[in-house]
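Counting along the sequence shown from 1, when you hit position 75 you're at 116 in the numbering used here, and nothing is skipped either side.
Idealized CB from N, CA, C, for every residue including glycine.
In what follows, a structure is listed as structure tokens, so that the remarks can point back to it.
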Amino acid sequence: MKLTIGSTVASLLLFCDLARGQSLLQTRFNIAGPQFEYDQNKFTMTFEVSNFVQDNMVAYTLYDGLNCRDGGDNDITENSGYLLSRIRTDLRPLGDGSGLRTIKVQSEVVPADITSSPIYKEDVDGNVVIEYCVRFGVYNTDKDGEFAMEANYIESPIKLVINMNAGFQVDAALSNSDIVLNEVSQNVAVEAYICDNDENIVPLVGKEQGQTVRVCVSPTPNNLAAGALMRQLESFKFRRLSPVLVQQAAIEPKTGGVSANQFTIVSCQPGSTVCAFETLLGADFFMGPGEVVGQGTAFLQLGVGSSAAARKLQGTPNQILADKPTGYSVTLNLITVDSSYQLATTSGAALTTFTTTFLGFAFLTTVLTLF
């Protein structure tokens with residue numbers, strides 16, 4: 042009799058463990074959401090996934106209709122620049138799937154290019170109608186791996202109806218080009234800052250060994266309003282000058298803006314408002330308290346979705362912009378006493394001697410303090 046009870050108890054425990062395992066397995070690949078936000082032609086969809094899901098296990102695809110992939114619509118994730126998109130992951134630590142992570146998928150309609158796109162049409166009332174679909178999926182492993190399979194997905198149709206009498210202008214990017222060119226000439230076209238994954242300024246008091254630093258680069262607010270967009274991060278290098286010179290490249294020039302090594306991840310799509318890169322500084326930088334200076338170059342564009350298209354616009358403001366030197370400098374002075382910081386901007390004139398040999402570049406400098 043005791044053996045029977047013992048066997049029954051063992052069976053029940055095994056059944057409960059299996060049930061918990063199945064429940065955890067389902068939770069690992071669950072998707073909640075999305076929550077929608079809309080602001081000035083930009084949609085942000087926020088999904089929740091488990092903390093078992095790594096960054097390389099999520100993906101999204103854009104389609105040119107409301108039926109999405111299963112309905113036969115065409116993949117337009119890579120397009121001529123009329124619909125920009127990106128995915129943003131959070132910094133929460135990974136786990137066994139019992140916790141949550143937040144993933145954001147952003148898509149942005151570009152007014153200057155949308156009229157010639159397959160997702161643009163006009164209704165009987167003269168309104169502009171833009172229709173597309175976002176498919177967000179979670180994979181069982183690295184989505185680019187040989188044995189990757191989509192474990193779960195959500196398809197979200199988006200329909201945007203725009204009243205043309207409400208101020209939506211498809212030519213705004215080029216009509217304000219003189220403003221941008223003037224800013225470029227004065228070396229005040231872009232700004233760079235230490236940021237988080239949501240592109241907010243981070244008030245750092247110092248960096249410790251093993252922590253990453255994320256740098257965001259964007260046209261100034263005036264230039265954004267005038268239609269200026271990021272085209273490419275061209276180069277960036279960190280330097281520590283004392284007690285000995287230590288250098289580390291994040292982005293090498295003339296490589297198309299790709300990361301210089303495995304310590305850097307670059308996120309920059311032509312035609313976006315912000316480009317960013319995240320770097321893990323080498324151990325040689327942390328020989329004691331000190332200051333690290335980062336300096337790089339970047340390209341701007343005006344309302345065109347790809348750098349190749351921008352270069353083809355001979356005689357247009359984009360062509361002029363590509364040949365114009367521009368500079369910008371940011372210094373981050375960190376004060377550890379009251380855990381605050383001061384942001385000082387160096388005038389563009391101080392960079393004149395540097396810009397003469399880097400045509401079409403926007404100079405940016407970021408300074409960190411290490412402890």
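For TYR101, which residues from the same chain have a beta carbon less than 8 Å from its beta carbon, with the 5 sequence-adjacent residues on both sides left out? Within its own chain, the residues whose Cβ lies closer than 8 Å to the Cβ of TYR101, once the five positions on either side in sequence are excluded, are THR118, SER126, ILE128, VAL146, VAL175, ARG176, PHE177, GLY178, listed in chain order.
Contact belief for VAL258 with ALA339 at Cβ below 8 Å, rounded distance in angstroms: 5 Å between Cβ atoms; contact.
Which partner residues of VAL150 appear in the DSSP bridge assignment? LEU124.
Would you give the residue range spanned by the beta strand (DSSP E) that LEU270 belongs to? The continuous beta strand (DSSP E) containing LEU270 extends over residues 269 to 281.
Please find out if some non-hydrogen atom of the ligand MG comes closer than 6 Å to the beta-carbon of ARG133. This structure lacks the ligand MG; in fact it carries no ligand of any kind.
Let me know the secondary structure DSSP gives PRO427 once reduced to three states. In the structure displayed, the chain extends from 42 to 412; residue 427 sits before or after that span and is not available.
Beta-carbon separation (whole angstroms), ALA192 vs PHE70, contact threshold 8 Å: Contact flag correct, Cβ pair sits at about 4 Å.
Do GLN250 and PHE188 have their CB atoms nearer than 7 Å? Not closer than 7 Å, so no.
Spell out a yes or no on whether the region 228 to 244 and the region 293 to 302 are touching, meaning 3 or more CB-CB pairs, one atom from each, closer than 8 Å. Fewer than three pairs of CB atoms, one per stretch, sit closer than 8 Å, so the region 228 to 244 makes no contact with the region 293 to 302.
Do THR320 and VAL254 have their beta-carbon atoms positioned less than 7 Å apart in this structure? Taking 7 Å as the Cβ cut-off, VAL254 and THR320 qualify as a contacting pair.
DSSP three-state call for PHE326: helix, strand or coil? The answer is helix: DSSP assigns PHE326 an H, G or I state.
By a C-beta neighbour count over all protein chains shown, 10 Å radius and 16 as the cutoff for buried, is GLY186 buried or exposed? It counts as exposed.
Which residues share a DSSP beta bridge with CYS236? Listed as beta-bridge partners of CYS236 by DSSP are ILE242.
Return the chain-ordered list of same chain residues with a C-beta closer than 6 Å to the C-beta of GLY112, the five sequence neighbours on each side being excluded. The answer is none, since no qualifying residue turns up.
Just the Cα atoms here: how many angstroms apart are GLY106 and ILE160? Taking the CA atoms as reference points, GLY106 sits about 7 Å from ILE160.
Check whether the Cβ atoms of GLN342 and ARG272 lie closer than 7 Å to each other. Against a cut-off of 7 Å, the Cβ pair of ARG272 and GLN342 comes out as a contact.
In whole angstroms, what separates the C-alpha of PRO330 from that of ILE144? So the two alpha carbons sit approximately 35 Å from each other.
Anticipated Cβ contact below 8 Å, SER148 with LEU103, distance rounded: Your pair SER148 and LEU103 checks out as a contact, with CB atoms roughly 7 Å apart and the cut at 8 Å.
Can VAL99 and ILE72 be called in contact, C-beta distance under 7 Å? Not closer than 7 Å, so no.
Ignoring anything shorter than 4 residues or poking outside the region 150 to 209, list the alpha helix (DSSP H) runs there in chain order. The DSSP assignment places 152 to 155 as complete runs of the alpha helix (DSSP H) inside the region 150 to 209, in order along the chain (cut-off: 4 residues).
On the DSSP letters alone, give me the boundaries of the beta strand (DSSP E) that LYS83 sits inside. Note, LYS83: beta strand (DSSP E), 83 to 91.
Can you find the residues in the same chain that come closer than 6 Å, C-beta to C-beta, to LEU201, ignoring five residues on each side of it along the sequence? Cβ neighbours of LEU201 beyond the five flanking positions: ILE171.
Shortest alpha-carbon distance to ILE199 belongs to which of ALA291, ALA266, TYR173? Residue TYR173 is the option with its Cα nearest to ILE199.
What number of angstroms, rounded off, separates the C-alpha of PRO294 from the C-alpha of VAL94? Those two C-alpha atoms are separated by around 34 Å.
Hey, how far is the Cα of PHE77 from the Cα of TYR123? One C-alpha to the other measures close to 21 Å.
Note down, in chain order, each residue of its chain lying with its Cβ closer than 6 Å to the Cβ of SER313, except the 5 sequence neighbours on either side. Closer than 6 Å at Cβ, skipping near neighbours: LEU125, MET271.
What residue does the beta strand (DSSP E) around PRO75 start on, and which one ends it? Note, PRO75: beta strand (DSSP E), 72 to 80.
Exposure label - GLY140; buried when at least 16 CB within 10 Å: With fewer than 16 other Cβ atoms within 10 Å, it is exposed.
For PRO262, collect the residues of the same chain with a Cβ closer than 7 Å to its Cβ; drop the 5 residues on either side in sequence, then sort them by chain order. Setting aside the 5 residues that flank it on each side, PRO262 has no residue in the same chain whose C-beta is closer than 7 Å to its C-beta.
Figure out for me which residue from ARG110, LYS162, ASN264 has the closest Cα to the Cα of VAL196. It is worth fixing the name first, because residue 196 is Glu in this sequence and not Val. The residue with the shortest Cα to Cα distance from GLU196 is ARG110.
Excluding the 5 residues preceding and the 5 following SER276 in the sequence, name in chain order all residues of the same chain whose CB lies nearer than 6 Å to its CB. ILE292, PRO294, GLY337, THR338, listed in sequence order.
On the CB-based measure, 16 or more other CB atoms within 10 Å of its CB, does GLY138 come out buried or exposed? Residue environment analysis places GLY138 among the buried positions, since at least 16 neighbouring C-beta atoms fall within 10 angstroms of its C-beta.
Going by DSSP in three states, ARG27 sits in which element: helix, strand or coil? For the chain, the structure presents residues 42 to 412; residue 27 sits outside this window and is missing.
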